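Remarks on the structure that follows.
2 protein chains.
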Amino acid sequence: MQPPETVPSEDETQGKGFVSDYLLYLLAAASEAASAQFHAHVRTHGLRVPEWRVLAWLHDRDGAMITRLARISLIEQSRLTRIIIQMEERGLVIRKGDTRDRRRVRVHLTDKGRQIAEQLVTDARAHETALLAQLEGGDGARLKPALAALLARLDPDGQTRGEPDA
Amino acid sequence: MQPPETVPSEDETQGKGFVSDYLLYLLAAASEAASAQFHAHVRTHGLRVPEWRVLAWLHDRDGAMITRLARISLIEQSRLTRIIIQMEERGLVIRKGDTRDRRRVRVHLTDKGRQIAEQLVTDARAHETALLAQLEGGDGARLKPALAALLARLDPDGQTRGEPDA
DNA sequence: CCAAATTATATGAATTTTCATACTTATTGC
DNA sequence: GCAATAAGTATGAAAATTCATATAATTTGG
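Keeping their order, the protein sequence lines are chains A and B.
Using our numbering, the first residue of the first sequence is number 15, and each one after it goes up by one.
Using our numbering, the first residue of the second sequence is number 15, and each one after it goes up by one.
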């Protein structure tokens, strides 16, 4: 058995309860908390979070099709269709039918869209650096690999990640 | 300069891009992926995710007020008000005005609500155990502490956590 | 080559969610 | 003790989101 010191003092006030040490909650809460500031910044550019995600992915790889963009951007497909239409109306992206497979619609950044995407990606990089720097000890360094490992395990085909052609 | 082997082979296909290694994305995607299965299970009980979160918190500490429940359950206040009303209509919770501070509304589990909450918490524990077991190496063990550290840093007052009285 | 199944996107309609703000009760500073 | 401010909850109305399904284009199997 392990010595008791490894346990966070079983009743630091009364035992803490289930949720506050529950992995799925920690993930959701950490995601929210970590993103709050930057998402507020995104909104100052007149974008909602899903729109920023779309721009960021297109920045990495332009001309993605709707379904794929939906998967990796964590947005339901019919919602993304409408979001893309709005973004097109605002001149951020354009849609082009895929000539090989005419069911597909490919989404491309406009110059305006690319400009915003590049600015925000730059800002995001800076924000991430600052955030990781705040985590003393190994925690900051360990976090990304641990998350990546979790994702890889849960989504072996990279449906949710940047896989070239999943 | 570092030897190149420490770098993830700069063009494993073309360089991967920004998003797929961006902390805020990894957090959001990992949260989604990790929760997908269990959230589906929650829905089979006729509950939406926010409702499950409310039940889980009340399971830990009954009689929370709306504002606080909203913060820790990651739900916007006016939305939670309506969700609580719906849950009350379905007999999962009851609202009681706080007699000390008559602005406050305290939410309590009904027997029915508590029964569902307990069942789901049990299921959640089992699911979490299974999930962590899948992560070989130290990743599983390191993940929760790293997330907790991130949260603690971003939310020192425990507004988002189970603090007895934040 | 054709019918059946599958994939990609779009859309109607109901429901949810958001945002701003109203209302009520408490707290603070004078 | 009172006016001003803050805190807690609720609510109308606009907007977003979901769900099921339609439509169109491809792929598969025989």
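The beta carbon of each residue, even a glycine, is placed where N, CA and C say it ideally should be.
A quick note: this is a predicted structure, and the numbers were derived from the prediction, not measured.
**Q.** residue 171 (chain A), buried or exposed, once every other Cβ within 10 Å from all chains shown has been counted against 16
**A.** It counts as exposed.
**Q.** Three-state secondary structure (DSSP) of residue 120 (chain A)
**A.** DSSP places residue 120 (chain A) in strand when its eight states are reduced to three.
Q) Under a three-way DSSP split, which group does residue 30 (chain A) fall into? A) It is coil, neither helix nor strand.
Q: Using a threshold of 8 Å, state whether the C-beta atoms of residue 69 (chain B) and residue 80 (chain B) are closer than that.
A: Contact: no.
Q. Can you name, in chain order, every residue of its own chain whose Cβ lies under 8 Å from the Cβ of residue 106 (chain A), other than the five neighbours on each side?
A. Taken in chain order, the residues that qualify are 65, 69, 123, 124, 126, 127 and 130.
**Q.** Proximity test, Cβ basis, 8 Å: residue 91 (chain B) and chain A
**A.** Under the Cβ criterion of 8 Å, residue 91 (chain B) is not counted among the residues facing chain A.
Q: Let me know if residue 142 (chain A) comes out buried or exposed under the rule of 16 or more other beta-carbons within 10 Å of its beta-carbon.
A: It is buried - the Cβ of residue 142 (chain A) has at least 16 other Cβ atoms within 10 Å.
Q.
I'd like to know if residue 31 (chain B) contacts chain A, where contact means its C-beta is closer than 8 Å to some C-beta of that chain.
A. Flagged as an interface residue toward chain A: residue 31 (chain B), by a C-beta distance shorter than 8 Å.
Q. Roughly how far, in whole angstroms, is the beta-carbon of residue 47 (chain B) from the beta-carbon of residue 168 (chain A), given that I think they are within contact range, below 8 Å?
A. Under the criterion of beta carbons closer than 8 Å, residue 47 (chain B) and residue 168 (chain A) qualify as touching, at roughly 4 Å.
Q: Kindly list, in the order they appear in chain A, the residues whose Cβ is closer than 7 Å to that of residue 66 (chain B).
A: The contacting residues do not exist; residue 66 (chain B) stays about 10 Å from chain A at best.
Q: Take residue 83 (chain B) and list the residues in its own chain whose beta-carbon comes closer than 7 Å to its own, dropping the five residues that flank it on each side.
A: Around residue 83 (chain B): 68, 71, 94 and 121.
Q) Quick one, are the C-beta atoms of residue 76 (chain B) and residue 32 (chain A) less than 8 Å apart? A) No, they are not a contact pair.
(Q) Check this for me: beta carbons of residue 109 (chain B) and residue 97 (chain B), under 8 Å apart or not? (A) Between residue 109 (chain B) and residue 97 (chain B), the C-beta gap is not smaller than 8 Å, which leaves the two residues out of contact.
(Q) For the beta strand (DSSP E) containing residue 108 (chain A), name the first residue and the last one. (A) For residue 108 (chain A), the enclosing beta strand (DSSP E) begins and ends at 107-111.
Q. Are there 16 or more other CB atoms within 10 angstroms of the CB of residue 116 (chain B), so buried, or fewer, so exposed?
A. The residue is exposed, with fewer than 16 neighbouring Cβ atoms inside 10 Å.
Q | Minimum C-alpha distance to residue 55 (chain A) - residue among A:146, A:137 and A:112 | A | Of the candidates A:146, A:137 and A:112, the one whose C-alpha sits nearest the C-alpha of residue 55 (chain A) is A:137.
Q) How big is the Cα-Cα spacing for residue 57 (chain A) and residue 160 (chain A)? A) Computed Cα separation, rounded: 29 Å.
Q) To which residues does DSSP link residue 79 (chain A) through a beta bridge? A) Residue pairing from DSSP places residue 79 (chain A) in a beta bridge opposite A:120.
Q) Which residues in chain A sit within 8 Å of residue 158 (chain B), going by Cβ to Cβ distance? A) Taking the beta carbon of residue 158 (chain B) as reference, the chain A residues within 8 Å of it are 35, 37 and 40, listed in sequence order.
Q | Nearest neighbour of residue 133 (chain B), chosen from B:61, B:158 and B:35 [CA to CA] | A | Answer by Cα proximity: B:61.
Q) For residue 143 (chain B), which three-state DSSP category applies? A) In the structure shown, residue 143 (chain B) falls within a helical segment according to DSSP collapsed to helix, strand and coil.
Q. Roughly how many whole angstroms lie between the Cα atoms of residue 174 (chain A) and residue 39 (chain B)?
A. Rounded to whole angstroms, residue 174 (chain A) to residue 39 (chain B) spans 10 Å at the Cα level.
Q) Do residue 41 (chain B) and residue 41 (chain A) come within 8 Å of each other at the CB atom, strictly closer than that value? A) Between residue 41 (chain A) and residue 41 (chain B), the CB-CB gap stays under 8 Å.
Q) Residue range of the alpha helix (DSSP H) that residue 55 (chain A) falls in? A) Residue range 37-58 is occupied by the alpha helix (DSSP H) that includes residue 55 (chain A).
Q. How big is the Cα-Cα spacing for residue 153 (chain A) and residue 102 (chain A)?
A. The alpha-carbon atoms of residue 153 (chain A) and residue 102 (chain A) are separated by roughly 41 Å.
Q: With distances taken Cα to Cα, identify the nearest neighbour of residue 104 (chain B) among B:91, B:59 and B:87.
A: Residue B:59 is the option with its Cα nearest to residue 104 (chain B).
Q.
Using the three-state DSSP reduction, which class does residue 153 (chain B) fall into: helix, strand or coil?
A. Residue state for residue 153 (chain B) is assigned as helix, using DSSP reduced to three classes.
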